[in-house]
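Reviewing the structure listed below.
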Amino acid sequence: MELRQLSYFVTVADELHFGRAAERLHIVQSAVSQQIRRLERELGAELFDRSPRHVRLTGAGQRLLPEARAVLAAAERAREAVARPTGLRLATSTGLGEHLDRILAEFAARAPGVPVELVSAGARERLEQVVDGRVDAAFVRSCDPVPGVRIVPLWDDPLVAVLPATHPLAARPELALGDLAGLPLSITPRRANPALVDLVVGACHDAGFEPVPGPVGGSLQDRLATIGAGVVPQWTVVYASHARVLHSPRVAFVPFGAPGLALATGLAVRAKATAGEEWVRERPGGELGVFIEACRAAASSAVPAGARTP
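Note that full-length UniProt numbering has the sequence shown beginning at 1, numbered continuously upward.
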């Protein structure tokens, strides 16, 4: 009996279709059928009731299924124990602000001595790094589903408007998007952060106006400096959690009134097709599992991020 045979068996049991199981396993159907027949001969029992119209587990197959899953999970744990990394490599982006500080402090308390390497990358590249294993996990916001990646939900990140500190709107306790209709919007290029740009532009449309195009590109600090100069009044958005750690006295960070603008933040981790199920290594004891627990703990204790920032 081989692990490969058990993996094929579990996949067929999940799909109840040899063709679909072969597609999931990326092999030809005949190879799946051959290995299942070999397993049945070794066990001395038929595992599937096959007919031209359907495939069903026999009684023996039903009894074997939970045992096969357990064996495959144990084998994966053994492989990971031998090849366990000595730390975590995480892809991040600007705007995590106090969230990241809390998470790293929480993780250090839960896993003393485990090093964490932070890698800054664009939204698309972060997901690619997770898929090909260059990083263990990546912080992402409101991204579309990606094959081979699972998103662990963490928190919602409210956005605040950034205005020149001298602008009349900067003195308000909160803003409606319509208040900004006449000001140019300076925002990152869509290719760099499609979720953010689509959210802001779409919200402007919902508020009944087309945002006036402002300068595009440059770093966030460049945009803040340009806005703070006030030569041409304009606005942008930043995450509220990031606004609290930015030191830009010439700009004001003003929250949006309800319902506000927010992007869902999650942790992208690599999903594995093991034992016929999509799963992620978040078991207690593994560094990634501990990190996910730290993220959730930090998110639950976070200070509400929508308050006005001086």
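Glycine included, every Cβ here is placed at the ideal spot set by N, Cα and C.
Open item on the list: Can you tell me whether residue 16 is buried or exposed? The criterion is at least 16 other CB atoms within 10 Å of its CB, across all chains shown.
Closed with: Within the sequence shown, residue 16 is the residue found at index 16, counting from 1. So residue 16 counts as exposed.
### Query
Going by DSSP, which residues form a beta bridge with residue 265?
The count along the sequence shown starts at 1 and reaches residue 265 at position 265. Paired residues: 141 and 155.
In angstroms with no decimal places, state the Cα-to-Cα distance between residue 65 and residue 52. In the sequence shown, counting from the first residue as 1, residue 65 sits at position 65. In the sequence shown, counting from the first residue as 1, residue 52 sits at position 52. Those two C-alpha atoms are separated by around 23 Å.
Out of curiosity, what's the CA-to-CA distance linking residue 19 and residue 143? Here residue 19 refers to the residue found at position 19 when the sequence shown is read from its first residue. Here residue 143 refers to the residue found at position 143 when the sequence shown is read from its first residue. Taking the straight line joining both Cα atoms gives about 31 Å.
**OP:** Taking residue 185 and residue 256 to be in contact with their CB atoms under 8 Å, please state how far apart those CB atoms are, rounded to whole angstroms.
**Re:** Numbered from 1 along the sequence shown, position 185 holds the residue referred to as residue 185. Numbered from 1 along the sequence shown, position 256 holds the residue referred to as residue 256. With 8 Å as the limit, residue 185 and residue 256 do not qualify as a contact, their Cβ atoms being about 14 Å apart.
Exercise for the section: Can you tell me the Cβ-Cβ gap for residue 254 and residue 170, rounded? I've got them flagged as a contact below 8 Å. Expected result: Counted from its first residue, the sequence shown places residue 254 at position 254. Counted from its first residue, the sequence shown places residue 170 at position 170. At roughly 6 Å, the Cβ-Cβ gap stays under 8 Å, so residue 254 and residue 170 are in contact.
In chain order, which beta strand (DSSP E) runs of at least 3 residues are fully inside the segment 32–98? 48–50, 55–57 and 88–92
By how many angstroms is the C-alpha of residue 286 removed from the C-alpha of residue 220? Mapped onto the sequence shown, residue 220 falls at position 220. Mapped onto the sequence shown, residue 286 falls at position 286. C-alpha separation (whole angstroms): 36 Å.
Open item on the list: Restricting to Cα atoms, I'd like to know which of 187, 62 and 175 is closest to residue 259.
Closed with: Taking the sequence shown and counting its residues from 1, the one referred to as residue 259 is at position 259. The shortest Cα separation from residue 259 among 187, 62 and 175 belongs to 175.
Looking only at its chain, what residues have a beta carbon closer than 6 Å to the beta carbon of residue 205, apart from the 5 residues adjacent to it on each side?
Reading the sequence shown from its first residue, position 205 is the one you call residue 205. Nothing listed; no residue qualifies.
| query | By Cβ distance below 7 Å, which residues in the same chain neighbour residue 127 in space, the five residues on each side in sequence not counted? | reply | To locate residue 127, count along the sequence shown from 1; it is residue 127. Cβ neighbours of residue 127 beyond the five flanking positions: 138, 140, 143, 146, 149 and 268.
Exercise for review: Out of 7, 44, 39 and 168, state which residue places its alpha-carbon closest to the alpha-carbon of residue 26.
Suggested key: What you label residue 26 is simply residue 26 of the sequence shown in a count that begins at 1. Residue 7 is the option with its Cα nearest to residue 26.
Burial state of residue 252 (16 or more Cβ within 10 Å)
As a first step, residue 252 must be located in the sequence shown, where it is residue number 252. So residue 252 ends up on the buried side.
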